[in-house]
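2 protein chains.
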Amino acid sequence: MSSTLLAEVLRGSEVESRHTGAFAVADTEGRLVLWGGDPDRAIFPRSAIKAFQALPLLVSGAADTFGLSGAELALACASHIGAPEHIFVAASMLEKAGRGEKCLECGSHWPTSSSAARALAAAGRAPGPLHNNCSGKHAGFICTAVATGRDPSGYVSPEHTTMRDVTQAVGAVTGINLAGQTPAVDGCSIPTYKMPLRALAAGFARFGTGTCMPEGFAAASARLRRAVAENPVMIAGAGRFDTVVAEALGEAAFVKLGAEGVYCGALPALGLGFALKCDDGAARAAEVATAALLLHFLGPNEVLAGLAAPRLTNWNGVLVGGLKARLV
Amino acid sequence: MSSTLLAEVLRGSEVESRHTGAFAVADTEGRLVLWGGDPDRAIFPRSAIKAFQALPLLVSGAADTFGLSGAELALACASHIGAPEHIFVAASMLEKAGRGEKCLECGSHWPTSSSAARALAAAGRAPGPLHNNCSGKHAGFICTAVATGRDPSGYVSPEHTTMRDVTQAVGAVTGINLAGQTPAVDGCSIPTYKMPLRALAAGFARFGTGTCMPEGFAAASARLRRAVAENPVMIAGAGRFDTVVAEALGEAAFVKLGAEGVYCGALPALGLGFALKCDDGAARAAEVATAALLLHFLGPNEVLAGLAAPRLTNWNGVLVGGLKARLV
């Protein structure tokens, strides 16, 4: 497995830990413009491709049928932290489809934001499926199923018609034939397929530019990118990497975290997409590496510079080290 | 940097992520019996050497002066999860020394156990320094300072007499001259020094056997090991790796986690110690690798087998993959 150094973790001036991985930056035809490690490594993109999985929600007409707002479309692409604003928007999507929380098949977990989890506990409440970080994506699947006249029940199965449409959309954007692959199961119970980094990068280049995609996908992609840029808190949550990037860059970039150290994204003005996998699955390394890629391609930016080299302070606020991107 | 594969993370039957690192298993004289990667790599052991740092508490007579219990001695070696039992015991140590929570210089953070954090929030409370995972160690430093007639104020500084004693004890057990090294700062503000894996392993072999150490250290080491074996919940917390191992193995093994993917431990009956560092700092990999080392040296054990190959289930309880140790 060919890898490259992505990031180092410093304690004082010494390297304490290090993260390796692979990445590909490609144009809409899959031509590489920058890479490290094996750019054709097949990875599970996990939640990094939620935007692709949300395309049928728009292409099918479901988003218009139910009059989904920008915040709702952004949440369909999100891994949210379970703050009250996310719960409100996910519930609203289900309500528009005439369904309730019980239709969600993602499972329940405490909000990934520890402060949101504590606030929920302090209110004497327990989490439900709306608090699952994927509830917006799942609400989008339910909207798609209902608007197209299908029973949403069992929508997480790879055999459900709506999930077939989702898988087909992912295959169409990335150019990968997923039909022959037996998927693994994601954290929220939907299927997850292995895909080469380069194909994911090319897919995001297409998502960012609207080229080389089936009819209707270009408009749907642009609408999702705009929705996230206009509702940055929906894509993750206050202070989280994806939200901070969306706040700082608007439509100049689209970036999305996936579990186990994955990041994918689009740089629309440059006609490029990227996909990155940290070997060990660490989000912290994937984040600083992504910030470094954005800096490399978009030029100096104070927010990105901070994200590419975060400082580590201890419980007394003493500076004890930091992370440094090392991939470019 | 020479590394070896420590563990793989599987999704379905596919490898999704992988962790590399280095480890050394050595006898009391530093002779290697097993290793992977560079056994002489210098690492920050972080909290993995809290037991060494607790030796002056016993050797100085402070533990007897204040009549510290086994639970209190175990907590002095601990990275605890901030559950009520840990807070109670840390407060008791301070009370015996005639000091209060305000003397702790470790800083405050929410309990590392998310359920303990939520319970604290639900009770309308905020965390204090007693909830810091290092509060037992710090209470031990304060006991040592007070019993030996020193003002504990500023005890986290490498120049404080008590911290000098602590550093000297670590040097004596590991055989490393730390005097010439400018330390980095740990999460709880005490100094942290770089040490070769092999020297750490030899130090733990001595800690486990009581040989090759200054006068009084053998009895102190045995007392700390017994304290942890008899109070396993103190070393970490219910369900945590170090506690589960102590519950399963008693005095047959002593293992301790350190931040950034470190594990150290002793196998007293075999006269061996070990030290392990996961390159990327992941605790999950250091844990499964440690379980595999224990299995390798101690023979079949159902609890260890489970710890060496944990199953991953998703939010619906569906089996989605697992971790597998790959170092032996």
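Each protein sequence line maps, in turn, to chains A and B.
The opening position of the first sequence corresponds to residue 33 in the working numbering, with each subsequent residue numbered one higher.
The opening position of the second sequence corresponds to residue 33 in the working numbering, with each subsequent residue numbered one higher.
Backbone N, C-alpha and C define an ideal beta-carbon position, used for all residues, glycine too.
- Interface with chain A (8 Å Cβ-Cβ cutoff): R73 of chain B is excluded.
- In terms of beta-carbon proximity, F173 of chain B stays away from the interface with chain A, with every pair separated by 8 Å or more.
- Taking the CA atoms as reference points, Y295 of chain B sits about 10 Å from A323 of chain B.
- Taking 7 Å as the upper bound on Cβ-Cβ separation, chain B lies near residues E46, E48, S49, R50, H51 of the region 45 to 58 of chain A.
- In this structure, the beta-carbon distance from G305 of chain B to F249 of chain B does not fall below 8 Å.
- The Cβ-Cβ distance between H328 of chain B and V276 of chain B does not fall below 8 Å.
- Taking 8 Å as the CB threshold, K226 of chain B lines the interface with chain A.
- Look at the region 113 to 146 of chain B: the residues with a C-beta under 8 Å from a C-beta of chain A are E137, C138, G139, S140, H141, W142, S146.
- Boundaries for L38 of chain A: no alpha helix (DSSP H) harbours it, while the beta strand (DSSP E) harbouring it runs 36 to 43, taken from the DSSP string.
- For the C-beta of W67 of chain A, not a single chain B residue is nearer than 7 Å; the gap to the nearest is close to 20 Å.
- Taking the Cβ atoms as the reference, A179 of chain A lies roughly 13 Å from A108 of chain A, outside the contact range of under 8 Å.
- Around A280 of chain A, no beta-carbon contact reaches into chain B at under 8 Å, the shortest distance being about 27 Å.
- Taking a C-beta cut-off of 8 Å against chain B, the contacting residues of the region 291 to 307 of chain A are E292, G293, listed in chain order.
- Rounded to the nearest angstrom, the Cβ distance from S147 of chain A to S146 of chain B is 12 Å, too far for a contact under 8 Å.
- Excluding the 5 residues flanking it on each side, R358 of chain B has same chain C-beta neighbours closer than 7 Å at L37, L38, A39, E40, in chain order.
- The C-beta separation of A83 of chain A from P71 of chain A comes to about 21 Å, leaving the pair out of contact by the 8 Å criterion.
- Our two residues, S34 of chain A and H51 of chain B, have alpha carbons roughly 14 Å apart in a direct line.
- Judged by pairs of C-beta atoms under 8 Å, the region 283 to 299 of chain A touches the region 228 to 246 of chain A, as three or more such pairs exist.
- In the DSSP assignment, F55 of chain A falls within the unbroken beta strand (DSSP E) covering 46 to 59.
- P332 of chain B sits exposed, since fewer than 16 C-beta atoms from the chains shown fall within 10 Å of its C-beta.
- Secondary structure at G338 of chain B: helix, using DSSP grouped into helix, strand and coil.
- M266 of chain A sits close to H112 of chain A, with the two beta carbons spaced by under 8 Å.
- Taken through DSSP and simplified to helix, strand or coil, R343 of chain A comes out as strand.
- Ranked by how close their Cα comes to the Cα of G68 of chain B, the residues B:P246, B:G240, B:L229 have B:L229 in first place.
- The DSSP-derived three-state label of T243 of chain A is coil.
- Apart from sequence neighbours up to five positions away, the residues of its chain that approach A106 of chain A with a beta-carbon distance below 7 Å are A259, V260, N263, M266, I267, ordered along the chain.
- Pairwise C-beta distances place the region 156 to 174 of chain A in contact with the region 111 to 129 of chain A, as three or more of them are shorter than 8 Å.
- Taking C-beta atoms as the reference points, E117 of chain A and G160 of chain A fail to come closer than 8 Å.
- Interface flag for N209 of chain B against chain A is unset, since no Cβ pair is found closer than 8 Å.
- In this structure, DSSP gives M125 of chain B a helical state, which the three-state scheme calls helix.
- At least one CB of chain B lies nearer than 8 Å to the CB of R150 of chain A.
- Against chain A, a Cβ distance below 8 Å from S221 of chain B picks out N346, W347, N348, V350.
- As a beta-bridge residue in DSSP terms, G305 of chain B pairs with B:A58, B:A298.
- Around the CB of V121 of chain B, 16 or more other CB atoms lie within 10 Å, so the residue is classed as buried.
- Taking the Cβ atoms as the reference, F286 of chain B lies roughly 20 Å from G338 of chain B, outside the contact range of under 8 Å.
- Sequence-distant Cβ neighbours of A340 of chain B in its own chain, meaning closer than 7 Å and more than five residues away, are V320, A323, A324, L327, A357.
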